[in-house]
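Position one of the sequence shown corresponds to residue 1 (full-length UniProt numbering), numbered consecutively onward. What follows is a short report on a single structure.
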Amino acid sequence: MSLLLDGLAASSGIAIAPAYLLVGPDLSIKKQHTADKNHEVARLRDSFTLTTKELRAIRQRAHQDLGQQAAAVVDAQLTMVDDPVLVKKIENIINEQAATAEWAVKLITDHYLELFERMNGNDYLNSRALAIRDLYKRVISHLLGTNLPDPAALDHRAILVATNITPTDTAQLDRRYVAGLVTDYGGRTSHFSIMSKTLALPVVVGTHTATKKIHDGDLLVVDGIHGKVIVNPTEEQLEHYRLLAGEFAREQQAWGTLRDQHTVSQDGRQYTVAANVGTLSDINVARDHGAEGIGLLRTEFLYMDQTELPGEDEQFKAYRQFVSGMDQQRVVARTLDIGGDKRLGMLKLPREDNPYLGFRAIRIGLAEPTVLRPQLRALLRASVYGRLAIMFPMIATPEEFTRAREILDEEERKLSRAGIAVADNIEVGMMLEVPSAAVMADVFAPDVDFFSIGSNDLIQYLFAADRGNSRVAYLYQELHPAVLRLVKRVIDAAHAEGKWVGMCGEMAGNPLATPLLTAMGLDEFSMNSSQILPIRSLISHLNVRQLQPLVHRALAAHSAREVEMLVREYVPILRKN
Ligand code: PEP
Ligand code: MG
């Protein structure tokens, strides 16, 4: 009997091959004391030396086979094992608590993982936590004298199935044999997923039960397009997936030819398809996928695993890399958007009953100038290294935008008085994600250089439905006429003042929204890099002029379902799935 597992599509493609389970030995540790602390310290140091050696070998292989980006992931782990402060901390636990080396390593690891947990995980933090867990596994396995499963030992074509595949595991994969990957845990944008995209392997993560339900040698289909895994498929299913695999390969080839092209509709209208990024390594991924700029740089990453606010210089160095990394393509940096589901340990903000409606984003920025001002100065200083735009998140009233802009202008004047160069063409805009601002877009338009529609928040506030709550997910409807009317209003208001409008929420990468957004005149679509080429390809097939009646009918429709049917009726290539 075949079995279907649902997960998240982390890297696209279809693979059909037998399963190879990568399940590790029992590394559980009990609290134990020692009478010989010096011996434990020596064991600890030995295990760190062995781990460093092992990681160096993995790094070398990663560099050769996968390039600099993969090597950098291993480098981050090497920095941790080489950190004398970390070793000292563990030694102190051994000495103060008479703990065994294993127990001391466990205590310190738990401490760091808890710190991450309190910061409320996003994909970036989760991947840092994964790196720490991987390091823990390696050190403990050396202390216990056991061997971890070795992905490099695979000697036949197979799909790897694991609880969690770490970046270092990925770096050891032998491309000749690995056909695809399936994990119990993991997020779409974890480092592991990003690296597997480099390998161009189909990957499904977050299945929860893969390692329990799949046995060594089971025939698997990994559908990295839709995030599904079929265990022991029927002949019919195999036939279906073989066809899909062929189609995918042809599509990939067609998309590849669009990588260095502009985004132009069939009737000659030009659009910008840009990437959303959150870390420096995302920049390479964005360029590889043919991004025409960065429509959203989420600056939160700089603040995430820190115990203190990052200083102006540290921020400046990071922003400079983003801006120069995109040459002269525009990089839209958003000022710190914290609050709601994203919490920061170092900002001692009181708990709120309604965090999504509370003290967040620009509201914090305006109330705590010690946070906003250094960030703006760092951004302004980075502006001379490329083409920078700055935008403020969660603006609800014109006064908020005016005040934020005044602060920016003040910092700019201070920098020029100090003789520090700032680009003179920085565009200043705002996120449009609060319904009040969308309704009043015509009032904002004269004062901004651009709008960027944050559909994720805009939709949650419009329907009063928490975007992370699956029980109200049915209200999260990107194609609902209420959303479309608001989006249209924003685009028209901006264009009436000669300003451009982008969209950087998930809706920008939804192919069913593309015909409507292009026909309504959205200028920039910013999305996860992996969606760029499919969306560029779709736009190249659209005759935007002929889609005007679709817009009229969609705006007058009564439901998202009705809009979806209209889109499929007007755009034949969207009919199939
Ligand atoms: C949005 O709200 O659409 C957006 C892009 O911002 P974030 O997802 O970071 O809240
Ligand atoms: Mg938002």
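All C-beta atoms, glycine included, are put in the ideal place defined by N, C-alpha and C.
Exercise. Which of helix, strand or coil does DSSP assign to F525?
Worked result: Correct three-state label for F525: strand.
For this session: Confirm, please, whether the CB-CB distance from P202 to S324 is below 8 Å.
Result: The Cβ atoms of S324 and P202 lie no closer than 8 Å to each other.
For this session: Compute the beta-carbon to beta-carbon distance between H142 and L50, rounded to the nearest angstrom, for a pair I have assumed lies under 8 Å.
Result: 5 Å between Cβ atoms; contact.
Exercise. Ordered along the chain, which non-local residues of its own chain (more than five positions away) have a Cβ less than 6 Å from that of L432?
Worked result: If you ignore the 5 residues before and after L432, its C-beta comes within less than 6 Å of the C-beta of A438, F451, I453 and V490, all in its own chain and listed in chain order.
Exercise. How about G7 and V264: do their beta carbons lie closer than 8 Å?
Worked result: No.
Exercise. Who does L220 pair with in a DSSP beta bridge?
Worked result: According to the DSSP secondary-structure assignment, L220 is paired through a beta bridge with A17 and V231.
Problem set entry | Own chain residues within Cβ distance below 7 Å of L574, not counting five before or after | Sequence-distant Cβ neighbours of L574 in its own chain, meaning closer than 7 Å and more than five residues away, are P511, L512, V567 and R568.
For this session: Identify which residue in T335, Y136 and A367 has its Cα closest to the Cα of L349.
Result: Ranking the options by Cα distance to L349, first place goes to A367.
Problem set entry | Under the three-state DSSP convention, the category I453 falls into | The answer is strand: DSSP assigns I453 an E or B state.
Exercise. The alpha helix (DSSP H) with V182 in it runs from where to where?
Worked result: It is not in any alpha helix (DSSP H) - V182 instead sits in the beta strand (DSSP E) that spans V178 to T183.
Problem set entry | Beta-carbon gap between I14 and G224 smaller than 8 Å | The criterion of a C-beta distance shorter than 8 Å is satisfied by I14 and G224.
Exercise. Going along the chain, which residues put their C-beta within less than 5 Å of some heavy atom in the ligand MG?
Worked result: Every residue passing the under-5 Å Cβ criterion appears here: E433, G454 and D457.
Exercise. Starting from E427 and walking both ways along the beta strand (DSSP E), at which residues does that stretch end?
Worked result: In the DSSP assignment, E427 falls within the beta strand (DSSP E) that extends over E427 to L432.
Exercise. Quick one: is T189 buried, meaning 16 or more other Cβ sit within 10 Å of its Cβ, or exposed?
Worked result: Unreliable placement is indicated for T189, whose pLDDT of 46 sits below 50; the coordinate value is still reported in the next sentence. Buried, because 16 or more other Cβ atoms sit within 10 Å of the Cβ of T189.
Exercise. Going by beta carbon distance, what residues of the same chain come within less than 8 Å of Y177, once the five residues before and after it are set aside?
Worked result: Within the same chain, L154, D155, H156, R157 and A158 come within 8 Å of Y177 by CB-CB distance, once the 5 residues on both sides are set aside.
For this session: Report the residue from L538, M326, M520 and N528 whose alpha carbon sits nearest the alpha carbon of Q548.
Result: Ranking L538, M326, M520 and N528 by Cα distance to Q548 puts M520 first.
Exercise. Leaving out the 5 sequence neighbours to the left and right, which residues in its chain are closer than 8 Å to Y59 when beta-carbon positions are compared?
Worked result: Correcting the residue identity first, residue 59 is Arg in this sequence and not Tyr. Cβ within range, chain order: A71, V74, D75, L78 and A171.
Exercise. Helix or strand or just coil, what does DSSP make of V490?
Worked result: V490: helix per DSSP, three-state reduction.
Exercise. Between the segment 275 to 291 and the segment 516 to 531, do at least 3 Cβ pairs fall closer than 8 Å?
Worked result: Yes, the segment 275 to 291 is in contact with the segment 516 to 531.
Exercise. Leaving out the 5 sequence neighbours to the left and right, which residues in its chain are closer than 7 Å to D174 when beta-carbon positions are compared?
Worked result: Here the set comprises A152 and L154.
Exercise. Quick one: is the Cβ of D150 within less than 7 Å of any heavy atom of the ligand PEP?
Worked result: Not so, every heavy atom of the ligand PEP lies at least 7 Å from the Cβ.
Exercise. According to DSSP, is G121 helix, strand or coil?
Worked result: For G121, the predicted structure reports a pLDDT of 48, less than 50, and the residue's modelled location is therefore unreliable. The matter cannot be settled from this model.
Exercise. Given a threshold of 16 other Cβ atoms within 10 Å of its Cβ, counted over all protein chains shown, does Y319 qualify as buried or as exposed?
Worked result: Y319 is buried by the Cβ-count criterion.
Problem set entry | Straight-line Cα distance separating L336 from M346 | Between M346 and L336, the alpha-carbon positions lie close to 14 Å from each other.
Exercise. Can at least three beta-carbon pairs, one atom from the segment 103 to 110 and one from the segment 125 to 139, be found at a separation below 8 Å?
Worked result: At 8 Å Cβ cutoff, the stretches touch.
Problem set entry | Where Q477 sits in the DSSP three-state scheme | In the structure shown, Q477 sits in coil (DSSP, three-state: anything other than H, G, I, E or B).
Exercise. So is the beta-carbon of L512 under 7 Å away from any non-hydrogen atom of the ligand PEP?
Worked result: Checking the Cβ of L512 against the ligand PEP gives no.
For this session: Report buried or exposed for R545, applying the criterion of at least 16 other Cβ atoms within 10 angstroms of its Cβ.
Result: In the assembly as shown, R545 is an exposed residue. Its beta-carbon has fewer than 16 other beta-carbons within 10 Å.
Problem set entry | First through last residue of the beta strand (DSSP E) which encompasses S281 | Per DSSP, S281 belongs to no beta strand (DSSP E); it is in the alpha helix (DSSP H), L280 to D288.
Problem set entry | Among Q460, R138, G24 and R43, nearest to M80 - alpha-carbon criterion | Sorting Q460, R138, G24 and R43 by C-alpha distance to the C-alpha of M80 places R138 at the top.
Problem set entry | Cross-strand partners of Y271 (DSSP beta bridge) | According to DSSP, which records beta bridges pairwise, Y271 is partnered with T263.
Exercise. Since W500 sits in a beta bridge, which residues does DSSP pair it with?
Worked result: Bridge partners of W500: F450.
Exercise. Using the rule of at least 16 other Cβ atoms within 10 Å of the residue's Cβ for burial, across every protein chain shown, is S383 buried or exposed?
Worked result: It counts as buried.
Problem set entry | Given residue 607 as reference, the closest of E497, G505 and V483 once Cα atoms are compared | As shown, the chain starts at 1 and ends at 577. That puts residue 607 outside it, with no answer to give.
Exercise. For the candidate residues H552, T279, I539 and V23, whose alpha-carbon lies nearest to that of H262?
Worked result: Selected option, being the one with the closest Cα: I539.
For this session: Would you grab the beta carbon distance between V221 and L5 for me? Rounded to a whole angstrom, and I think it's under 8 Å.
Result: About 10 Å separates the two Cβ atoms, so there is no contact after all.
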